[in-house]
Amino acid sequence: MLGVHGYLFLVPIIQSRVRLIAAAFGLFVAATPARSQGPARIPIPYRTYIAVNPLGIPFDVGSIEVESGVAQGITVGGQGSYTSLGDDRYSTVDAKVRYYPSEIVLRGFSLGVSVGHTHFTTRNNDVTRRSLDFGTVGLLLDYNWMLGMQHRFIVGSGIGAKRVLANADARDAAGLDHAYLTARFVVGLAF
482 MLGVHGYLFL VPIIQSRVRL IAAAFGLFVA ATPARSQGPA RIPIPYRTYI AVNPLGIPFD
542 VGSIEVESGV AQGITVGGQG SYTSLGDDRY STVDAKVRYY PSEIVLRGFS LGVSVGHTHF
602 TTRNNDVTRR SLDFGTVGLL LDYNWMLGMQ HRFIVGSGIG AKRVLANADA RDAAGLDHAY
662 LTARFVVGLA F
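Spelled out as structure tokens, the structure:
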């Protein structure tokens, strides 16, 4: 039977094995790529804007809209508008949800959907007007520029299409198709 001193010859062997394992672990950790926790979030100083369509001054096309960020890249908002094109008049109220693929709200390209209500009138003859109230669902493709020293001035443009949620007889009586195109141009201020 060996005493404590008899096992002392094992100490250098164990130390060399521990060093070898530690070196192998260190190489493994150094060779493993660092895992990212995702892209760094960009601080967004402004998450809400209010804007108007300045074409309402010279023409019969006006709107006001408000939009606010609710999550990374997602906004909700509302719009009211009045458009008069010849004998046709559209008064609309819409709720909108937009997604910004850059995940920076209010800036750049966005895709969206809308639900709303439209009051449409058109001249039937020189004396009477036909009208129709209907719901709408729409698709939106928009682009916003944030300009100025503080990037608070918003210039927005876009196109969209709205589905008329009314039966065929009501649409035919008012002279409407099942869908119509929309355009957007606004200037406003972010806060």
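Residues in the sequence shown are numbered consecutively from 482, following this note's numbering.
We put the beta carbon where it would ideally sit given N, CA and C, even for glycine.
| Item | Value |
| --- | --- |
| Cβ pair count under 8 Å reaching 3, the region 579-587 against the region 538-551 | yes |
| 8 Å CB neighbourhood of V636 in its chain, flanking five on each side removed | N625, W626, L628, V667 and V668 |
| Identity of the residue in D623, G619, P535 and V645 nearest S638 by Cα | D623 |
| For F634 and Y527, the rounded distance between their alpha carbons | 11 Å |
| Three-state secondary structure (DSSP) of F666 | strand |
| Per-residue DSSP class, three states only, for D658 | coil |
| Three-way DSSP call (helix, strand, coil) for G537 in this model | helix |
| Contact check, L592 vs R604, beta carbons under 8 Å | no |
| 6 Å Cβ shell around T573 - same chain, five flanking residues per side excluded | S562, G597 and T599 |
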